[in-house]
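Peer 1:
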Amino acid sequence: MGASYHQFCPVAKAMELLDERWTLLVVRELVSGSERFNELRRGLPRMSPTLLSRRLHQLVRAGVVERHVDGADVRYVPTQAGRELRPVLEALGAWGVRWIGELGDADLDPKLLLWDMHRHVNHNAVPAGRTVVQFRFRDVPADLRDWWLVIHTGEADVCDVDPGHGVSVTVHADLRALVSVWLGDLSWPNALRGGAVEVAGPEALRRALPRWFTLSEFAAVPRPTAPA
């Protein structure tokens with residue numbers, strides 16, 4: 001736990017645990033369903049493994065997370081205290097959507113975008129069998145340009161190397177544009193109409209693709225009304 005504020009205020013006491021760097025983002029991943037260390041790392045790609053281990057240990061010690069060990073399988077599961085942080089995170093995210101300014105280029109991460117998208121696949125809308133969506137970001141370095149989302153039997157996985165399956169549709173996009181779609185700042189039709197996002201593949205699949213995803217939970221947050 002971080003240094004004490006020496007205040008009896010419950011906000012101060014909560015922040016002694018939660019305001020250390022990365023802690024709330026670790027909780028974000030845990031309440032979003034990531035349980036294993038490698039899953040957490042994929043949702044926190046710029047966090048060092050050593051620091052992630054330290055933060056998990058602190059959360060376990062504070063009673064926010066339980067560590068479940070079954071042989072070599074180790075899972076981190078939020079306790080009731082951890083689960084009760086979900087609305088706190090939702091409120092913070094909604095506030096950030098409404099009041100934090102435009103994202104900088106360094107904030108745009110294709111790895112994090114695809115990891116978030118794979119958790120929001122609408123499996124009822126995706127065709128039966130295996131569906132592979134290739135994403136090609138034309139405005140990022142070559143080693144981050146190509147990604148594959150493999151959807152099959154109610155599951156989805158993100159690959160940064162060709163998984164070797166036939167591609168159903170290919171999405172060519174500016175990274176900023178697809179992040180804007182994901183966060184609800186740009187609609188699929190407008191992104192496609194303006195050419196910032198292009199979809200290649202059979203016509204029926206191209207038309208259906210936007211329905212394969214439920215957007216980020218923050219996409220529906222009302223934006224502040226501009227002053228008259």
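So the sequence shown is numbered by UniProt numbering: it starts at 1 and just counts up by one.
Built from N, CA and C at the ideal position, the CB exists for glycine as well.
No experiment lies behind these values; they were computed from the predicted model shown.
Less than 8 Å separating the beta-carbons of L175 and F218?
Peer 2: no
Peer 1: Could you give the DSSP three-state label for D116: helix, strand or coil?
Peer 2: helix
Peer 1: Contact between the segment 184-197 and the segment 160-173 is defined here as three or more beta-carbon pairs at a separation below 8 Å; is this criterion met?
Peer 2: yes
Peer 1: Bridge partners of W148, per DSSP?
Peer 2: Q134, C159
Peer 1: State the Cα-Cα distance for the pair P10 and E84, rounded to the nearest angstrom.
Peer 2: 15 Å
Peer 1: When you compare the segment 130-147 with the segment 93-103, are there three or more beta-carbon pairs, one atom per stretch, that lie closer than 8 Å?
Peer 2: no
Peer 1: Return the chain-ordered list of same chain residues with a C-beta closer than 8 Å to the C-beta of G63, the five sequence neighbours on each side being excluded.
Peer 2: Answer for G63: T79, A81, listed in chain order.
Peer 1: What residues in its chain sit with their C-beta under 7 Å from that of V158, if we drop five residues either side in the sequence?
Peer 2: The residues are L114, W115, H118, W147, L149.
Peer 1: Quick check on the DSSP output: the beta strand (DSSP E) that includes P78 runs from which residue to which?
Peer 2: 73-78
Peer 1: Can you tell me whether A3 is buried or exposed, with buried defined as 16 or more other CB within 10 angstroms of its CB?
Peer 2: exposed
Peer 1: Within the chosen definition, does the segment 51-59 reach the segment 18-26 through at least 3 CB pairs nearer than 8 Å?
Peer 2: yes
Peer 1: Can you tell which of V167, R41, R75, V69 has the C-alpha that lies nearest to the C-alpha of L112?
Peer 2: The shortest Cα separation from L112 among V167, R41, R75, V69 belongs to R41.
Peer 1: Would you report the Cα separation of V140 and H6, rounded to the nearest angstrom?
Peer 2: 46 Å
Peer 1: Tell me, please, which residues DSSP counts as bridged to E66.
Peer 2: V77
Peer 1: Could you tell me which residues DSSP puts in a beta bridge with residue 238?
Peer 2: No information on residue 238 is available, as it lies outside the stretch 1 to 228 that the chain covers here.
Peer 1: Do R193 and N122 have their C-beta atoms closer together than 8 Å?
Peer 2: no
Peer 1: Using three-state DSSP, classify F37 as helix, strand or coil.
Peer 2: helix
Peer 1: Does the distance from the C-beta atom of F213 to that of H120 stay below 8 Å?
Peer 2: Contact flag set, yes.
Peer 1: Hey, out of E90, L18, G101, G104, whose CA is closest to V65's CA?
Peer 2: With distances taken between Cα atoms, V65 lies closest to L18.
Peer 1: DSSP on V121, reduced to helix/strand/coil?
Peer 2: strand
Peer 1: I'd like the span of the alpha helix (DSSP H) that includes Q58, first residue to last.
Peer 2: 49-61
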